[in-house]
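Chemist:
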Amino acid sequence: MKEFFSHIRGAVVSTFVLAVVCCGIYPLIVFGISQTLFRDKANGSLIVDPDGTVRGSKLLSQGFTDAKYLHPRPSAAGNGYDAASSGGSNLGPTSRKLNDAIEERIAAYRVENGLSQSQPVPADAVTASGSGLDPHISLQNAELQIPRVAKARGVSEDKVRELVRQNTESCDLGILGERGVNVLELNRALDQVR
10 MKEFFSHIRG
20 AVVSTFVLAV
30 VCCGIYPLIV
40 FGISQTLFRD
50 KANGSLIVDP
60 DGTVRGSKLL
70 SQGFTDAKYL
80 HPRPSAAGNG
90 YDAASSGGSN
100 LGPTSRKLND
110 AIEERIAAYR
120 VENGLSQSQP
130 VPADAVTASG
140 SGLDPHISLQ
150 NAELQIPRVA
160 KARGVSEDKV
170 RELVRQNTES
180 CDLGILGERG
190 VNVLELNRAL
200 DQVR
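Converting from the sequence shown to the working numbering requires adding 9 to each position, the first position being numbered 1.
(1) Report the residue from T136, P131, L142, A51 whose alpha carbon sits nearest the alpha carbon of Q154.
(2) Since I56 sits in a beta bridge, which residues does DSSP pair it with?
(3) From this set, V21, S127, R114, I42, which residue's C-alpha is nearest D133's C-alpha?
(4) Do A151 and Q175 have their beta-carbon atoms positioned less than 8 Å apart in this structure?
(5) Label P144 either buried or exposed according to how many other C-beta atoms from any shown protein chain fall within 10 Å of its C-beta, with 16 as the threshold for buried.
(6) Buried or exposed for S70, please, with buried defined as at least 16 other CB atoms from any protein chain shown within 10 angstroms of its CB.
(7) Can you list, in chain order, the residues of its chain with a C-beta nearer than 8 Å to that of S140? Leave out the 5 residues immediately preceding and following it.
(8) To the nearest angstrom, report how far apart D200 and V29 are at their CA atoms.
(9) Given a threshold of 16 other Cβ atoms within 10 Å of its Cβ, counted over all protein chains shown, does G65 qualify as buried or as exposed?
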């Protein structure tokens, strides 16, 4: 019996020590390192105005529908751009519902951006990302929206094009993927144009 209680005591002590290390000390160390070395990223990569107002995150898309703003990718997250309901539509390539939605989005994109019926539309303009919250659009998508945005704002297309260039992010690690434009940051830059 003495041996049994010895095993029980060892198990309880081991559980307590591991709980303290794994649930207390380790998370505090990781938190301290992240706050010291990666403060902006650890706190959500927030976009903050000079007066301290949080406008969003560099990592999450927001729904912009006004003609004076660049529009993000469509969202399948909740009722649109809902970070609490992040996720794709789960519709496959043979889905009639997905095909119909893409056809509707293509037609709407062409109308709102003044494109001809034969002009190609970028895939990211009509398909949602896996999370439904991708903050970036392709450079091609941004360039097709420039005339609409410039006209709605009463500024030159060259000025909008320059802001697109300034807000274009490079590929991951400089070589992987394609360059993208962060819609929220670009739209904030556009709001600064007088």
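All C-beta atoms, glycine included, are put in the ideal place defined by N, C-alpha and C.
Modeler: Taking the geometry as given:
(1) P131
(2) G65
(3) R114
(4) no
(5) buried
(6) buried
(7) A86, S95, G96, G97
(8) 50 Å
(9) buried
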